[in-house]
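Everything on this sheet refers to the single structure shown next.
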Amino acid sequence: MNDMAENTATEPAFPPGHRSGYVAVVGKPNVGKSTLVNVLVGHKVAIVSSKPQTTRRRIMGILTRDDAQVIFVDTPGIHDPRSALNQYMMREVENALSDCDAILFVADVSNPPDQADLAVMERIRSLPQPKLLALNKADAVNPVKLGEHMQLYHALFGSEESMLTSGIVIRRENLDELLALLVARLPAGPQFYPPELYTDQPEKVLAAELIREQALRFLEQEVPHALAVAVDQYAERPNRTMFISATVFVERDTQKGILIGKGGQMLKKIGMEARREIERQIDSRVYLELWVKVRSAWRKDEGAVSDLLGTAE
Ligand SMILES: Nc1nc2c(ncn2[C@@H]2O[C@H](COP(=O)(O)OP(=O)(O)O)[C@@H](O)[C@H]2O)c(=O)[nH]1
Ligand SMILES: [Mg+2]
């Protein structure tokens, strides 16, 4: 017995050359961090929209290969914290940074670096972890400007820190190269998670996020920022149907009116699109029921924020 215990303790827990670690994905809002994580992981783990502040929590996306396990930690965009919600989001970024093995800084190369990119760089500059820059949205700029912007980002990032990569997520260009650069910067280590696991989010939470994604898609102005979604029931019913009942929270009666729409048309559209998307992601039939509630100024209320988004560690 003793011998066996000793044997297992001294045996390497992972094959030689295997690497693993956490990669914090940071950058200003709307540069394509979540899109990039989804593409690299090969599953939709984080919702994407053209509205800033779509990502509110840290979300893990796990990529398992024979030679490595890369755990991407998608984060809310780094921005100025004013409301309780914004403070919550910035804590999520800080937690991801304090707990990672490498940092992937994502920027939008279709625009030159601005104050917000500078703020991101200032935040990560002195951290000890290896850093990599991914320049996204290269499809959205002409070649001349692309070259100019790349130089500016290069200067901001500092060439001594890491090689510059231009990853065009939408065209899936340079992604293998980006991954190779990342993996090379991770320490030797075992698989931390079973290979079939690709996110830390329970299905129920993913469903709530997919509902919010569709609401973000169809709603404009101040409504997207005021949205929160909670799944109240998530249960398998006969005939392999998942029964999901969820509440969409807004902050004001006027927003509730917009969300429901004339004759309930808007809520119906959001519900239908969300149901389709959830069905695609969980590969099961879905019955989706949506409720709307007003919870006034929830974003300013710390208790309500942790209630609706979960408690930050
Ligand atoms: N043109 C272009 N748009 C992109 C690219 N990658 C992402 N986007 C879009 O940029 C917006 C923000 O993406 P998202 O991943 O939510 O950004 P995040 O806030 O940094 O997580 C979405 O509308 C995406 O479809 C890209 O490579 N090119
Ligand atoms: Mg995001």
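The numbering of the sequence shown is the working numbering, which starts it at 1303 and goes up by one.
Each residue gets a CB set at the ideal place from its N, CA and C atoms; glycine is no exception.
When you compare only the Cα positions, how much space is there between residue i and residue j?
i	j	result
A1398	L1569	34 Å
S1385	L1499	34 Å
P1378	R1360	7 Å
A1315	Q1493	9 Å
V1607	V1446	44 Å
R1578	V1588	8 Å
A1370	D1382	35 Å
R1427	H1456	14 Å
V1485	V1343	13 Å
L1508	I1562	22 Å
D1585	Q1453	44 Å
R1542	A1418	47 Å
G1363	V1339	7 Å
G1319	A1490	7 Å
Looking at ligand 2, does it come within less than 7 Å of residue i, judged from the CB to the closest heavy atom?
i	result
T1501	no
D1410	no
D1376	yes
K1335	yes
A1528	no
A1348	yes
T1357	yes
Near residue i, what residues of its chain come up, given a Cβ to Cβ distance below 8 Å and the 5 sequence neighbours on each side ignored?
i	result
E1524	Q1557
A1404	G1323, Y1324, V1325, A1326, Q1431, P1432, K1433, L1434, L1484, R1487 and L1488
Tell me which residues share the same chain as residue i and place their Cβ nearer than 7 Å to its Cβ, disregarding the 5 neighbours each side in the sequence.
i	result
M1306	With a pLDDT of 49 at M1306, under the threshold of 50, the modelled position of this residue cannot be trusted, and the question is left open.
L1448	V1411 and A1440
C1402	Y1324, V1325, A1326, V1375 and Q1431
Could you pull out every residue in the same chain whose Cβ sits closer than 6 Å to the Cβ of residue i, ignoring the five residues on either side in sequence?
i	result
F1551	A1530, K1595 and R1597
V1350	S1336 and T1337
Between residue i and ligand 1, is there a pair consisting of the residue's CB and a ligand heavy atom that are separated by less than 7 Å?
i	result
G1329	yes
G1319	no
D1416	no
F1344	The sequence shown places Gly at residue 1344, not Phe. No, the Cβ of G1344 stays beyond 7 Å of every heavy atom of ligand 1.
Say whether the region 1439–1459 touches the region 1316–1332, bearing in mind that this needs 3 or more beta-carbon pairs closer than 8 Å, one atom from each stretch. no
Run through the region 1356–1397 for me and flag every whole beta strand (DSSP E) of 3 or more residues, listed as ranges in chain order. 1361–1366 and 1370–1376
Going residue by residue through the region 1413–1500, where are the continuous beta strand (DSSP E) segments of at least 3 residues, counting only ones entirely within it? 1433–1438
Which residue spans inside the region 1569–1605 form an unbroken beta strand (DSSP E) run of at least 3? 1587–1596
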